[in-house]
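First comes the structure, then the notes that go with it.
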Amino acid sequence: MEPTLFLTVGLPCTGKTTAARLIEIEQKALRLTKDEWVKALYGHENPPSAQDVIEGRLIQIGLRALELGTNVVIDYGLWSRDERSALRQAAADLGATVELRYFELTPAEQRRRLDQRQAEAPHTTWPMSDEELAAWAAAIDIPTPGELDGSEPIDDPPAGFATWDEWRSHRWPPSVS
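Each residue of the sequence shown is one higher than the one before, starting from 1220 at the first, in the working numbering.
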């Protein structure tokens, strides 16, 4: 049976990690949750320079696990269609299937959950302002129905990149420069 790459897509505090934990158990998947790694490595800091590198390293681990036949859940926002297309292509190249899971809440419910998380488990998150949440909501490329059900072909890489592998290496660099 071919392995599956599960991708959680959505803004902060919309239920991605809760769902990823269920997928981990129900699908016997390796769960790669970026925020847990950033917290473990940087504590209260959330350095932008480390984000892409950590994501890239987790993707490398995830792709290797797929090669070995293990289901994988990549648990971070994946706000851009290009990010999702690159990962869909990488999984396809390895003979794996992909399931996209999109999580969405009203801004009021998202704020309520964030405030609750901040109060109950501040060590698992960072403060986020309403302005940041609104800016992020405006920035996300909401997955299309075809992306979600897998019926839509994977896009070509963006201009300037011959392959999705090349784009992935650019988007997720191997080290902090």
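Cβ atoms here follow ideal geometry from the backbone N, Cα and C, with glycine treated the same way.
Assumed close pair residue i, residue j - CB separation to whole angstroms, cut-off 8 Å
i	j	result
residue 1258	residue 1273	Their Cβ separation, rounded to whole angstroms, is 11 Å, which puts residue 1258 and residue 1273 out of contact at 8 Å.
residue 1238	residue 1227	6 Å
residue 1269	residue 1395	6 Å
residue 1305	residue 1387	5 Å
residue 1331	residue 1349	At roughly 12 Å, the Cβ-Cβ gap does not stay under 8 Å, so residue 1331 and residue 1349 are not in contact.
residue 1271	residue 1235	In fact, because the Cβ distance is near 18 Å, the residues do not count as touching under 8 Å.
residue 1277	residue 1251	4 Å
Residues of its chain near residue i, where Cβ-Cβ distance is below 7 Å and the 5 sequence neighbours each way are ignored
i	result
residue 1359	1230, 1298
residue 1282	1309, 1313
residue 1248	1225, 1242, 1290, 1291, 1292
residue 1240	1250
residue 1382	1376
Own chain partners of residue i with C-beta closer than 6 Å, once the 5 adjacent residues on each side are dropped
i	result
residue 1275	1391
residue 1307	1317, 1373
residue 1336	1344
residue 1210	What the structure shows of the chain is the stretch from 1220 to 1396, and residue 1210 is not part of that stretch, so it cannot be assessed.
Identity of the residue in the options nearest residue i by Cα
i	options	result
residue 1367	1271, 1235, 1303, 1266	1303
residue 1255	1382, 1369, 1341, 1388	1341
residue 1215	1244, 1369, 1266	With the chain covering only 1220 through 1396, there is no way to say anything about residue 1215.
residue 1324	1356, 1336, 1250, 1337	1356
residue 1354	1326, 1264, 1338, 1240	1326
residue 1163	1245, 1220, 1262, 1382	Nothing about residue 1163 can be reported from this structure: the residues present for the chain run from 1220 to 1396 only.
residue 1393	1280, 1244, 1245, 1246	1280
Neighbourhood of residue i by C-beta distance below 8 Å, restricted to the same chain and skipping five residues each side
i	result
residue 1333	1231, 1232, 1344, 1347, 1352
residue 1362	1228, 1300, 1303, 1319, 1321
residue 1265	1257, 1345
residue 1263	1345
Interface flag, residue i vs chain B, CB-CB below 8 Å
i	result
residue 1226	The structure shown contains no chain B; it holds only a single protein chain.
Any non-hydrogen atom of the ligand ZN closer than 7 Å to residue i Cβ
i	result
residue 1327	The ligand ZN is not part of the structure shown, which contains no ligands of any sort.
Stretch pair the stretch 1370-1382 + the stretch 1280-1294: three plus CB contacts closer than 8 Å:
no
Whole alpha helix (DSSP H) runs in the stretch 1233-1261 with 4 or more residues, listed along the chain?
1235-1245, 1253-1261
Quick check for students: name the residue ranges of the beta strand (DSSP E) that lie wholly in the stretch 1291-1363, counting only runs of 3 or more.
1316-1322
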